[in-house]
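K.L.:
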């Protein structure tokens, strides 16, 4: 009887399944980078949705086993990839060699940028190529993220906080910073980017890994600022003479993989409303990737 139960359990555990598993909250922009990359590459994967307000024990334990700092807060994403056949893992099915879910994955990756880059490199012959081949294009792609962040466009959360608090002077100041950042990004895209007559994306080869990492934040910028401030970000870019930037942001936000992985406008507003409430004094706010859906406005490397 026991052997029969074991055989049934072993058969269930070893049946064909996706060789990739993504731990994700479903709303975190950092984890969306990995999700988006998987969609771009057309990779079949198991999607493990994690409630960041009530983290399951197996998720916390897995993260702790991967991070060198035992005090590190468990956060999404975690990417797992089985690069070998099951026969290499379990040669003789006995209770002592019964495969666990985690033992099936020989590669486990944390940090969103690292996960997205791993996906782009691990599946070179699938889906859309996210990695440029020319060294100058690679360098410019990496510079794209740096300029976005240092321009101030990646830190739009102060705008939402000022609007929430009804502080018009602070709001005007933050919007001025955003406009200045738009000008910087416009100059960068025009100087280093592809001919806009050929593509709306940064590189002539199309949507790239650098844009995978920025698309979740562009998407949220275009939803949250109009909702809380009443200002259309794309129209603002147009008014500032940043037509290349406007077209680029719109292309990123409308990319099918961005739309599929980013949730609806209503869901985004709901998540940000919850996060803004948590960030009030005594609200017990949480940082990116760890709570409140990780719906932060900062795009620093995670």
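In full-length UniProt numbering, the protein residues as written are 1 to 302.
All C-beta atoms in this analysis are idealised placements derived from N, C-alpha and C, irrespective of residue type, glycine included.
This one's a predicted model, so the numbers in the text were calculated from it and none came from an experiment.
#1: With DSSP as the reference, please indicate the residues paired to residue 41 in a beta bridge.
#2: With residue 214 and residue 145 assumed to form a contact (beta carbons below 8 Å), what rounded beta-carbon distance in angstroms separates them?
#3: To the nearest angstrom, how far is it from the Cα of residue 327 to the Cα of residue 183?
#4: Express the C-alpha separation of residue 235 and residue 98 in angstroms, rounding to a whole number.
#5: Return the CA-CA distance between residue 263 and residue 208, expressed in angstroms with no decimal places.
#6: With which residues is residue 47 paired in a DSSP beta bridge?
#7: Grab me the residues of residue 218's own chain with a C-beta within less than 7 Å of its C-beta, minus the 5 sequence neighbours each way, in chain order.
#8: Residue 233 lies in the alpha helix (DSSP H); which residues open and close that run?
#9: Determine the contact status of residue 210 and residue 274, defining contact as a CB-CB distance below 8 Å.
#10: Measuring CB to CB, does residue 115 end up less than 8 Å from residue 79?
#11: Since I believe residue 185 is in contact with residue 147 (beta carbons under 8 Å), could you give me their beta-carbon distance rounded to a whole number of angstroms?
#12: Could you pull the DSSP bridge partners for residue 108 from this structure?
#13: Could you tell me the alpha carbon to alpha carbon distance between residue 212 and residue 29, rounded to whole angstroms?
P.N.:
According to the structure shown:
#1: In the DSSP assignment, residue 41 is bridged to no other residue.
#2: Between residue 145 and residue 214 the Cβ distance is about 6 Å, and since that is below 8 Å, they are a contact.
#3: Outside the displayed range of the chain (1 to 302) lies residue 327, so it cannot be described from this structure.
#4: Low local confidence applies: a pLDDT of 38 at residue 98 is under 50, so the model's placement there is unreliable, and no value is given.
#5: Cα-Cα distance, rounded: 21 Å.
#6: When DSSP reads this structure, residue 47 sits in a beta bridge with 22.
#7: Within the same chain, residue 218 has close Cβ partners 249, 252, 253.
#8: Unbroken alpha helix (DSSP H) run through residue 233: 233-239.
#9: No; because the gap between Cβ atoms is not below 8 Å, this pair is not in contact.
#10: Yes.
#11: Rounded, the Cβ-Cβ distance is 7 Å, consistent with contact.
#12: Bridge pairing for residue 108: 80 [DSSP].
#13: Answer to the nearest angstrom: the Cα atoms are 11 Å apart.
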